[in-house]
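Encoded as structure tokens, the structure appears first; notes follow it.
Numbering (my numbering), first residue to last: 738 to 859.
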């Protein structure tokens, strides 16, 4: 859980510290990239803090899972338009995609919603 908390806490802060950089990876089809970055930063911070409270941990896990899926197009966009992100090696952009799946698993595990669901129904 602490890794997931740290990932989203520091990631959320990065949305505010590096707003222009974060906005540059938002696919061009999405309007108002700066606003999107700020909103997703707030959502990441809220989800991170929600993991700390036992009564909100499961809901935060679901929300962070959904948020992670929602921002995946930005990772795909970086890979497809890799010439615009020359400072990032292409192999790292490819590596991000399977790491996204690992992050999703860590969210499920760290938030405990899988364990709680098993306990409730068995």
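Note that the Cβ used here is the ideal one computed from N, Cα and C, for glycine as well.
Under 8 angstroms by Cβ, that's how I've got residue i and residue j pegged, so tell me the actual separation to the nearest angstrom.
i: residue 801; j: residue 784; result: 4 angstroms
i: residue 760; j: residue 774; result: 5 angstroms
i: residue 746; j: residue 782; result: 7 angstroms
Let's test the definition: count the other Cβ atoms within 10 Å of the Cβ of residue i and tell me whether it reaches 16, buried, or not, exposed.
i: residue 752; result: buried
i: residue 811; result: buried
i: residue 824; result: exposed
How about residue i and residue j: do their beta carbons lie closer than 7 angstroms?
i: residue 794; j: residue 749; result: no
i: residue 808; j: residue 819; result: no
Can you grab the Cα-Cα spacing for the pair residue i / residue j, in whole Å?
i: residue 763; j: residue 792; result: 33 angstroms
i: residue 788; j: residue 766; result: 32 angstroms
i: residue 846; j: residue 779; result: 22 angstroms
i: residue 840; j: residue 830; result: 15 angstroms
i: residue 803; j: residue 838; result: 12 angstroms
i: residue 741; j: residue 844; result: 6 angstroms
i: residue 832; j: residue 790; result: 32 angstroms
i: residue 798; j: residue 777; result: 15 angstroms
i: residue 744; j: residue 842; result: 13 angstroms
i: residue 772; j: residue 835; result: 27 angstroms
i: residue 757; j: residue 814; result: 16 angstroms
i: residue 738; j: residue 796; result: 14 angstroms
i: residue 816; j: residue 768; result: 20 angstroms
>> Which complete alpha helix (DSSP H) runs does the region 777 to 856 hold, if anything under 4 residues is left out?
In response: You should have 791 to 817 and 827 to 848.
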